[in-house]
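Following: one structure in structure tokens, then a few remarks.
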Amino acid sequence: MRWARDRSSSAGGLGPGRRVGLPGAPQRHHVAKRPGGAVQCDLCPRHCVIPEGQAGDCRVRINRGGVLYAVTYGRPCAIHLDPVEKKPMFHFLPGTSILSVATAGCNLHCKNCQNWSISQADPETVRVLSWTQGEYGVSPKRLVNLAAARQVPSIAYTYTDPNIFYEYAYDTARFAHASGIKNVTVTAGYIEEKPLRRLARYVDGSNVDIKTMNPRFFEENCGGQLHYVLDGLVVARQEGIWIEVTNLVIPTMNDDPAETKKLCQWVLKYLGPDTPLHFSRFYPHHQLRNLPSTPVETLIRARDIARDVGLHFVYIGNVQGRDFESTFCPTCGKKVIGRVGYTITVNNLKDGKCGFCGHPIPGVWK
Ligand code: SF4
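This is the structure we're talking about:
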């Protein structure tokens, strides 16, 4: 079996390899039979080969009788109405709310994870929303109906990684599109190309975490191979998804200016200068509680590097003030969208263009 993870990052429970009892939905795609009743999951680069009665590395895919079950299907552990700015998505229907959903589990094991209590837990130990009893407590159709009833224009698959609740996200996204509701994934991008392209048909926007440009740091801190994330971003761009990138700047771990420059140059080259880049402030979490919060000066330095490299829309997140989160026109320099926290304070966008000089501001605006 290929378990490529650091067990020490577990939040509790037995993790992969244990039998769990939740019913779940069968995984019909991106899966293959293997000798002796094992099945191989091909959703993500781990390609776990899972014997009968055991779980994959993400804990939420269980082999029962030679069929792989996604046991969190229809069992969200969180549903919230968030400002879309919280994802963060700044060039995507600004000022609207987004129905945000998550289930337990993750295929990465980042030592800094702020949602580790649900991402690194066995699914049966995470409290599913109390009103979600039954086989599929909140079916995809019910989620879409919830969004429609609240008149929100989009649904986010977020908090944990939608790649892990792939079937649930896929079915919901399909129904959502049929109802005129858009879909946003907030993801670390650790997914194989085929499932990504399949899901992309229904995904309008995505915030993808580039955690580092250092493969060794990605392996040691997150337990994965960095190139899959970068390759997936190129695929997502090819598929026409509106992409925003987040980089969480962790003191002493990935805050070297040379690394920041490398990241910015990669975004410029492969995603383009109009790709919004969010530098996010780190606060001590999970297994990195020994580190301090990111100094604001470090974030300002990162933003300046990105601008010097040639990126047009660079933001600083988790720090309020000084227009860190506002959108400025790359041509005339005036403030097109003002933000304080998750609140829009001014909107000078006119039909997707700067209201002052008419320069197009790329994004999903309606
Ligand atoms: S999605 Fe889960 S079970 Fe499938 S390969 Fe990735 S970690 Fe393994």
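FYI, in the working numbering the residues of the sequence shown are 415 to 780. Even for Gly, the Cβ is constructed at its ideal location relative to N, Cα and C. Predicted model only: the values in this text are computed from it and were never measured.
Worksheet item: Any heavy atom of the ligand SF4 closer than 7 angstroms to the CB of L457?
Response: yes
Worksheet entry | Spatial distance of R659 from V649 (CA atoms) | Correcting the residue type first, residue 659 is Val in the shown sequence and not Arg. Rounded to whole angstroms, V659 to V649 spans 14 angstroms at the Cα level.
Item to complete: Please report how far the alpha carbon of V381 lies from the alpha carbon of I569, in whole angstroms.
Response: Only positions 415 to 780 of the chain appear in this structure, which leaves residue 381 out of reach.
Practice prompt. Locate the alpha helix (DSSP H) running through C636, then write down its first and last residues.
Written response: 629-636
Discussion item. Relative to the C-alpha of G438, which candidate in P537, F738, T759 has its C-alpha closest?
Written reply: P537
Worksheet item: If you pair each beta-carbon of the stretch 708-719 with each one of the stretch 730-746, do three or more pairs fall below 8 angstroms?
Response: Counting Cβ pairs under 8 angstroms, three or more are found: they touch.
Worksheet item: Mind checking T741: buried by the 16 CB within 10 Å criterion, or exposed?
Response: buried
Item to complete: Going by CA-CA distance only, name the one from V481, G467, A469 that's closest to V445.
Response: V481
Practice prompt. With Y616 as the anchor, note down where its alpha helix (DSSP H) starts and where it stops.
Written response: Where Y616 is concerned, there is no enclosing alpha helix (DSSP H), given that its DSSP letter is neither H nor E.
Discussion item. Here's a check: name, in chain order, each residue in its chain whose Cβ is nearer than 7 angstroms to the Cβ of T574, leaving out the five neighbours to either side.
Written reply: Here the set comprises A516, T517, A518, G519, C520, N529, I532, S533.
Discussion item. Measuring alpha carbon to alpha carbon, tell me which residue in A590, Y580, P629, P687 is nearest A561.
Written reply: A590
Worksheet item: In terms of alpha-carbon separation, which member of W680, T757, V750, E653 lies closest to N661?
Response: In terms of CA proximity to N661, W680 leads the group W680, T757, V750, E653.
Worksheet item: Got a sec: does the ligand SF4 put a non-hydrogen atom nearer than 7 angstroms to the Cβ of R442?
Response: no
Worksheet item: So, C455 versus I578, is the Cβ gap smaller than 8 angstroms?
Response: Note that the C-beta distance between C455 and I578 is not below 8 angstroms.
Fill in: Anticipated Cβ contact below 8 angstroms, I493 with V485, distance rounded
With 8 angstroms as the limit, I493 and V485 do not qualify as a contact, their Cβ atoms being about 18 angstroms apart.
Item to complete: Count the other CB atoms, across all protein chains shown, that sit within 10 Å of the CB of R442; report buried if there are 16 or more and exposed otherwise.
Response: exposed
Worksheet entry | Sequence-distant residues of the same chain with beta carbon closer than 7 angstroms to L457, five excluded per side | H444, N577, Y580, I605, E606, P609
Worksheet item: From T626 to T539, what distance separates their C-alpha atoms?
Response: 31 angstroms
Discussion item. Please give me, in chain order, every unbroken run of the beta strand (DSSP E) with length at least 3 that falls completely inside the stretch 506-554.
Written reply: Those beta strand (DSSP E) runs which fall completely within the stretch 506-554 and span 3+ residues are 511-516.
Practice prompt. Provide the residue span of the beta strand (DSSP E) that contains V497, from first to last.
Written response: The sequence shown places Pro at residue 497, rather than the Val named in the question. Residues 492-497.
Worksheet item: Taking the beta strand (DSSP E) that V481 falls in, what are its first and last residues?
Response: 481-484
Item to complete: Just grab the DSSP bridge partners of Q468 for me.
Response: Looking at the DSSP assignment, Q468 forms no beta bridge with any residue, so it has no partner.
Worksheet item: For G637, which of H505, A672, K525, G450 has the nearest alpha-carbon?
Response: For G637, the closest C-alpha among the options H505, A672, K525, G450 is that of K525.
Worksheet item: When DSSP builds the beta bridges, which residues end up paired with K767?
Response: K764, P774
Worksheet item: DSSP state of T689, grouped into three classes?
Response: coil
Discussion item. Taking the beta strand (DSSP E) that A570 belongs to, which residues open and close that run?
Written reply: It spans 568-571 - the beta strand (DSSP E) in which A570 sits, taken as one unbroken run.
Worksheet entry | 8 angstroms Cβ cutoff met for I719 and C678 | yes
Item to complete: Going by CA-CA distance only, name the one from N668, P776, F693 that's closest to G686.
Response: Comparing Cα-Cα distances from G686 to each of N668, P776, F693, the minimum goes to P776.
Practice prompt. Run through the stretch 663-743 for me and flag every whole beta strand (DSSP E) of 3 or more residues, listed as ranges in chain order.
Written response: Complete beta strand (DSSP E) runs here, min 3: 691-695, 728-731.
Worksheet item: Once you ignore the five residues that flank E673 on each side, which residues in its own chain have a CB closer than 8 angstroms to its CB?
Response: T626, M627, N628
Discussion item. Here's the rule I'm using: 16 or more other beta-carbon atoms within 10 Å means buried, otherwise exposed. How should S694 be labelled?
Written reply: Per the 10 Å Cβ criterion, buried.
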